[in-house]
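Respectively, the protein sequence lines represent chains U, G and E. Take the first sequence: its letter number 196 is residue 196 in my numbering, and every next letter is one higher. Plus 1000 on top of the position in the second sequence (first one is 1) and you've got my numbering. Plus 2000 on top of the position in the third sequence (first one is 1) and you've got my numbering. Structure first, commentary second.
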Amino acid sequence: MAIRVNPKLIGDLEAFGAEDVSKCYHCGNCSAVCPFSKETHIIPRRSMRYLQMGMEEKLKGSLEPWLCYYCGECSETCPRDAEPGETMMALRRWLTSRYDFTGISRLFYRSGKFEIMAVVVAALLTALGFVLWGMSRGSIHNYDPPNAFLPDSGIHIFDWALAGVLLVLLITNCIRMWWFTIGRDKNLHVPFWIYAKKLFVLPLHFLTQKRYAQCERKRPWLIHLALMLSYVIMLVLIMFFLGFMQDGPSIDWRVHVFGYIATVGLLGTTIFLLTRRIRKTETQYKHSHETDWIFLVLLIVVAFTGILQHILHRSGLDAAANVTYIVHLMGVVPMLGLEVPFSKWSHLAYRPLAMFFSEVRDETELAAEKAAGPVSAPQAM
Amino acid sequence: MSFEPTIVGFLCNWCSYTGADLAGTSRIHYAPNVRVIRVMCTARIDPTFVLKALHDGADGVLICGCHPGDCHYSEGNYKMMRRYPLLKKMLADYGIDEARVRLEWVSASEGQRFADIVDDMTQRVRELGPSPIKEGLARDMAER
Amino acid sequence: MTDECKIGVYVCNCGTNIAKVVDCDAVAEFALDQPGVTVAKSYKYMCSNPGQEMIIEDIKAEGLDRVVVAACSPRMHEPTFRKALQTAGINPYFLEMANIREQCSWVHDDPGEATGKARALTMAAVRRVAYHEPLEKRSVDMNSNVLVIGGGVVGMTAALELAGGGSRVYLVEREDHLGGNVARVDLTAPFLDSARDVVTSLVTRVTENPRIEVLLESEVTSFEGFVGNFETKVVTKGNGAVSSEFQVGNVVVATGYQQFDASRVTHYGYGKLPNVITSFELEQMLRAGCIETKEGRPPHYVAIIHCVGSRSREFHPYCSRVCCMTALKYAHEVRSAVPGCYVSDIYIDMHAFGKGHEDFYRGASEAKTLFLMYGKNDHPVIRKAGPKDDCEMLIEVNEKLSGEVIEIPADLVILMVGMEAQADSEATARLVNISRDKDGWFIESHPKLDPVATTTDGVYIAGACAAPKDIPDSVAQARAAAGRILARSIHGTIEVDAVFAEIDEEKCSGCRICNDLCPYSAIDFDEEKKRSTVISAVCKACGACVAACPSGAITARHFTDRQINAQIEGVLA
């Protein structure tokens, strides 16, 4: 069955950051230099080709964009400056927008202004909501309970509710990702035991980003790992130990230690990445989409206001600390409510899932080959 | 040591010799049994050359010229074409197998064809064995 | 005879070209043992300056009177070594070469057999050279007029160059206008210059030039003679056939190419599907300034298919060279003329070999042309699309860069038809006595080192008639041919080879068998003496008369019976 070529798709992708795809003339240098490219997953050339030919369904079902970590070697090697690295990034953005069933993601990616507006609106609503709530709960001059402006008991419930909402959205997106990449593939019948066998891949990659470490340059992986672990520490503290942070003058020393470590990690890495993007020093930082900036800026604001409110509180300036807390929440809500399900942060789920699905597919094909016998034709591309 | 024939080749300068050179520049390999003598045109070839070659010990004689119509001297190969049947008749009378003397047309761009002809003729003459003239002469000389 | 000579034998190693297979030292040793051989050496590169000087030194020092060089083909370096002999003070015809490269080391792999053959060939050369005679080159008049066959860009360029050098030129064109195939083109790749300007400029300069006589609707019907002294008849149609005769010294064949008939490739539907057109048909549209489907609408999707009739087992195996860049030119032109149109380019390989070509290719990519690759000897198939499709036709291709079978939408398909030799190229070749290769293109004297001359002295070929080529290369060849002719005409006479046939009056019986055999009518019969004589200036030394003479009265200089018999003996010794 011949697949119809659709030359219009490239035009669509331009909003997602793909600019020079047409220049690619398939010399293959990019895939030759890519440390992850292999016969079953030709990165990035196969994705470039599907995109050039407008093979939307093939792209939607492909895992290659998630198996790329933008070391940038391909773009550096490309003799035509076709920016394969940035194209893979654009494809990740596009796939994010496709996995989301609401359509909000697509709007965010296509218009940076829309996303900023959404963030601002969410922030303002948050501010309004919490100010009103805070005023009804306590005094702005009290940071710690009793009579705290923003008591942890209430915030705690809010946090978990927010987490619940975004989890639901994220899980639906993940199911769609599974459907596109494995579920609807009629040639692939994955037995349950393979899913079970490979399940360990999910937490392994989520926590270590092991594959990222296999790139030639280790520093990006280390930075990202530091950022991620700092964030996880912070998340654990907030979700499970929020009370300890508003415990008056006697905050548990362990909360202090982990909190400071996480803060240093968060601020250090995000500011580092921001400067890299501004200075465009390495290949992977040369191109920045609005979603890239928004993500980093939100993270910095949240981390900064997080530590600032702690400092103000410890300095006795509770009112200022509460105001800062409001600002902090103005950052947290869009970050968790918008960035995670609809924008860049969704990669926290898609990347480990991609590794999982990729291994599941490989294992299934291997099992099928073994079952078919020793003679089987190798895959073409 | 199995028998390896020696074949004398008369090649015209413009087409067949150039074609043989082309086989060389194209590195097309063929049997080493043919020794080439260059003439300007096959029209130059006196049938006595063929007889002399056989008399002096050649197991076969190959004559190559331009394709009819393409002769550099316009009709030279036609003259060869006319002499050739008479020559063959004479050779048959002498008891010389008809595969030992051969006329082929090879153009300047037919390097592969030249190689194929040489290989084919070498094989045929190899199968026929040494020329009877050589043995006959040797016997003659011994008897005297 | 050999005993009285002092022969120098030089066995060339040609680097490793010969030495890798043939034991050159052994051949030299063997040669030294032969009677008459004074000196026998094996050396790296005989054609090099030190190599030639070695021969010259030995001739002077050892008093050598004949030289054998066992090396490459005499067609390669016979003139080189003849010159060396001349420099050393002996007649250049005292040279014989043995071909132990093209016909030995390059074609045999067994060193024992190759060396044996090299020995035999060297022996033959040694025996032959003993019978060589000193010959003198002769001088013939060189008529400075030139005949140019073909009035396209090549013919016109050559004519202008020749006229500029002082020659009188007869430019014969069979159509009723000058310009050839380039006159059918709008813009040229890769710089998008106007072809029309180029052609108009040439036509104006040619028609205004007093030294160029243009004969339109004319054909050359006969061409006789030899270099410097040709006689040609040209017939002009029009009001009755007018025949003219000219004397010329040289001729430039610039007959160009014809386009491949696209209807032969049935799976493209040319001639059946109305919107499948050839490149030249698109040129007509471009010249008219309007790209439209047959229904009069601008196309939304345009597809260009490369290699129609070229690079194919079925039609022609060669590449037509210009089509890839022309296709890119169309991609640019279609995008500018019809903005918003999607252009697909369906190719096998992208031949972007020349100046500005890679940039042009890149430019076409930047203009969002979609490039799709199919395999050589594979078939894209064009069919009519269904009523629900948003395009006229669909092209099914087994696309190699993606590995998928795909369908490409197209409202207009442009077939890049290849070049073929003209239908009458065989007749033209016979007319001027040159040869054609298996694809019908005229054969040059040497594909690398002598691309415009032919094996027939005085006949030059230029442009696409020799092989598919683009305008820059064709014009270069036109100028090259003109340059060659002017260089040779400069003295008014030229030296022609000293080889011709001679009749010994004493032996001639006056049977006149030879008279009719000569294709050049170079044999006269003296009615008084009742003897035949050869007009040496006209004789081309084919040897037909020599072999036919029942009295053995005719000798072919440099190809005497004695010399050839000596070779036969040498080869079988």
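Using N, Cα and C, we set each Cβ at its ideal position, and we do this for glycine too. All of these numbers come straight from a predicted model, not from anything done at the bench.
Report the three-state DSSP secondary structure of residue i (helix, strand or coil).
i                : result
L312 of chain U  : helix
G2015 of chain E : coil
P2468 of chain E : coil
A380 of chain U  : Residue confidence for A380 of chain U is low, a pLDDT of 48 falling below 50, so the modelled location carries little weight; the figure read from the coordinates is stated next. In this structure, A380 of chain U counts as coil in the three-state DSSP scheme.
Q2247 of chain E : strand
A349 of chain U  : helix
H2446 of chain E : strand
T2188 of chain E : strand
W2106 of chain E : coil
Y2347 of chain E : strand
P2409 of chain E : strand
A2385 of chain E : coil
Could you check the C-alpha separation between residue i and residue j for me, to the nearest Å?
i                : j                : result
M381 of chain U  : A213 of chain U  : Caution applies to M381 of chain U, whose pLDDT of 46 falls short of 50 and renders its modelled position unreliable; the value that the coordinates give is listed next. Roughly 26 angstroms between the two C-alpha positions.
G2492 of chain E : G2063 of chain E : 37 angstroms
L2141 of chain E : N1077 of chain G : The displayed chain sequence assigns Asp, not Leu, to residue 2141 of chain E. Spanning the two alpha carbons is a distance of roughly 30 angstroms.
H2267 of chain E : V2381 of chain E : 5 angstroms
I2212 of chain E : E2495 of chain E : 27 angstroms
R2119 of chain E : E1004 of chain G : 16 angstroms
A1146 of chain G : P1130 of chain G : Shown here, chain G extends from 1001 to 1144; a query on residue 1146 of chain G therefore has no answer.
I2305 of chain E : P2190 of chain E : 18 angstroms
A1092 of chain G : C2012 of chain E : 42 angstroms
E2136 of chain E : Q2086 of chain E : 11 angstroms
E216 of chain U  : E359 of chain U  : 22 angstroms
V1036 of chain G : S37 of chain U   : 57 angstroms
C2290 of chain E : D81 of chain U   : 34 angstroms
P203 of chain U  : M239 of chain U  : 19 angstroms
G268 of chain U  : W221 of chain U  : 15 angstroms
T96 of chain U   : I271 of chain U  : 25 angstroms
C2324 of chain E : F2315 of chain E : 18 angstroms
Y2374 of chain E : I2346 of chain E : 7 angstroms
Report all residues from its chain with a CB closer than 8 angstroms to the CB of residue i; omit the five preceding and five following residues, and keep chain order.
i                : result
V131 of chain U  : I326
G2256 of chain E : G2150, G2152, V2154, G2180, N2181, Q2422, G2463, A2464 and C2465
When you compare the CB positions of residue i and residue j, do they come within less than 8 angstroms of one another, or not?
i                : j                : result
V2182 of chain E : I2471 of chain E : yes
G316 of chain U  : T263 of chain U  : no
R2479 of chain E : G2510 of chain E : no
G2155 of chain E : A2254 of chain E : yes
A321 of chain U  : Y69 of chain U   : no
V5 of chain U    : E2407 of chain E : yes
V2220 of chain E : V2172 of chain E : yes
V1982 of chain E : V2251 of chain E : Any property of residue 1982 of chain E remains undetermined from this structure, which presents chain E solely from 2001 to 2573.
T1018 of chain G : A1108 of chain G : yes
G1054 of chain G : D1097 of chain G : Looking at the sequence shown, residue 1054 of chain G is not Gly but Leu. No; because the gap between Cβ atoms is not below 8 angstroms, this pair is not in contact.
E363 of chain U  : I194 of chain U  : yes
D2110 of chain E : P1085 of chain G : no
Leaving out five residues on either side along the sequence, give the residues of the same chain with a beta carbon under 7 angstroms from the beta carbon of residue i.
i                : result
A2522 of chain E : V2534, I2535, V2538 and C2539
V302 of chain U  : H328, G331, V332 and M335
Looking only at its own chain, which residues have a Cβ that is under 6 angstroms from the Cβ of residue i, when we skip the five neighbours before and after it?
i                : result
G1960 of chain E : Since the displayed chain E opens at 2001 and closes at 2573, residue 1960 of chain E lies outside it and no answer follows.
R351 of chain U  : W66
S2167 of chain E : S2144 and V2146
M228 of chain U  : none
H1072 of chain G : W1014
P146 of chain U  : none
Would you say residue i touches the ligand GDP, meaning its beta carbon is less than 7 angstroms from a heavy atom?
i               : result
T172 of chain U : The ligand GDP is not part of this structure, which contains no ligands at all.
Counting pairs of Cβ atoms below 8 angstroms between the region 2355 to 2370 of chain E and the region 2200 to 2213 of chain E, do you hit three or more?
No: fewer than three Cβ pairs fall under 8 angstroms.
Using 8 angstroms as the threshold, is the region 2543 to 2555 of chain E in touch with the region 1029 to 1045 of chain G, meaning 3 or more CB pairs across them?
Three or more pairs of CB atoms, one per stretch, sit closer than 8 angstroms, so the region 2543 to 2555 of chain E contacts the region 1029 to 1045 of chain G.
Do three or more CB pairs link the region 2439 to 2447 of chain E to the region 2230 to 2240 of chain E at distances below 8 angstroms?
Segments in contact, no.
Taking three-plus beta-carbon pairs below 8 angstroms as touching, is the region 2423 to 2430 of chain E in contact with the region 2325 to 2334 of chain E?
Counting Cβ pairs under 8 angstroms, fewer than three are found: no touch.
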